[in-house]
């Protein structure tokens, strides 16, 4: 019996959600299609009714994982404004909970290195997800930081956060991990003197 369109769509979502969690927990290469389908409560043979390849699933799972983060940011922004939304996002990102639960965490920190070794749809989905987070951060830029300066500051902040989580997970639990999280938390999202200071240095060198 053929599935209805609604049932097929629901099954596809279940597969994507299972893959999104497993890939972040274990890594993409460490997860087989059979692993994903089992986690979704479905048979291995049903996979190709929904996806042409594992890479297509990886791209869909990455898009879903990034969308979860950007949706939460958007919800906070609507409730509390962009500045409060960014502060809350940073605090959640640089938390012990995020480090110890990669399956529901940021895909940039969990999968960046692995995705970077490939190309194609997965890499494009990853890049688009990162661009979306950067754009979200830029909405919180203060009046004196706009355009290229705001984008550069947003990229620096995101890169620092991702790096902190990657290194923090690598060193394991303990004082060093706590120091890494604390050091990267105690940083202004958009340093007021950043752009002006850079401009002065360029002028002085000239």
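Residue numbers (my numbering): 334 to 539.
In this text, a Cβ means the ideal position worked out from N, Cα and C, and glycines have one as well.
Note that this is a predicted model, so its numbers are computed, not measured.
Where residue i falls, given that 16 or more other Cβ within 10 Å makes a residue buried
| i | result |
| --- | --- |
| residue 354 | buried |
| residue 363 | exposed |
| residue 487 | buried |
| residue 504 | exposed |
| residue 373 | buried |
| residue 342 | exposed |
| residue 474 | buried |
Option in the options with minimal Cα separation from residue i
| i | options | result |
| --- | --- | --- |
| residue 361 | 506, 522 and 436 | 436 |
| residue 501 | 489, 487, 382 and 518 | 518 |
| residue 441 | 422, 463 and 478 | 463 |
| residue 466 | 434, 508, 489 and 342 | 489 |
| residue 445 | 357, 421 and 350 | 357 |
| residue 511 | 373, 375 and 431 | 431 |
| residue 429 | 341, 368, 509 and 344 | 509 |
| residue 476 | 416, 426 and 427 | 416 |
| residue 352 | 382, 387, 412 and 426 | 387 |
Neighbourhood of residue i by C-beta distance below 7 angstroms, restricted to the same chain and skipping five residues each side
| i | result |
| --- | --- |
| residue 346 | none |
| residue 433 | none |
Neighbourhood of residue i by C-beta distance below 8 angstroms, restricted to the same chain and skipping five residues each side
| i | result |
| --- | --- |
| residue 533 | Low local confidence applies: a pLDDT of 35 at residue 533 is under 50, so the model's placement there is unreliable, and no value is given. |
| residue 367 | 377 |
Pairwise C-alpha distance: residue j and residue i
| i | j | result |
| --- | --- | --- |
| residue 454 | residue 521 | 34 angstroms |
| residue 377 | residue 384 | 12 angstroms |
| residue 506 | residue 514 | 11 angstroms |
| residue 484 | residue 524 | 12 angstroms |
| residue 544 | residue 499 | This structure leaves residue 544 out entirely; the chain is present only between 334 and 539. |
| residue 450 | residue 337 | 38 angstroms |
| residue 481 | residue 365 | 41 angstroms |
| residue 452 | residue 400 | 20 angstroms |
| residue 349 | residue 397 | 7 angstroms |
| residue 427 | residue 359 | 20 angstroms |
Own chain, CB closer than 6 angstroms to residue i, minus 5 neighbours either side, in chain order
| i | result |
| --- | --- |
| residue 543 | Nothing about residue 543 can be read from this structure; the chain reaches only from 334 to 539. |
| residue 459 | 395 and 448 |
| residue 370 | 377 and 380 |
| residue 422 | 406 |
| residue 413 | none |
Exercise for the section: State whether the segment 441-451 contacts the segment 487-500, with contact taken as three or more CB pairs (one from each stretch) at a distance under 8 angstroms. Expected result: yes
Practice task
Pair every Cβ in the segment 400-409 with every Cβ in the segment 462-478, then say whether three or more of these pairs are closer than 8 angstroms.
Solution key: yes
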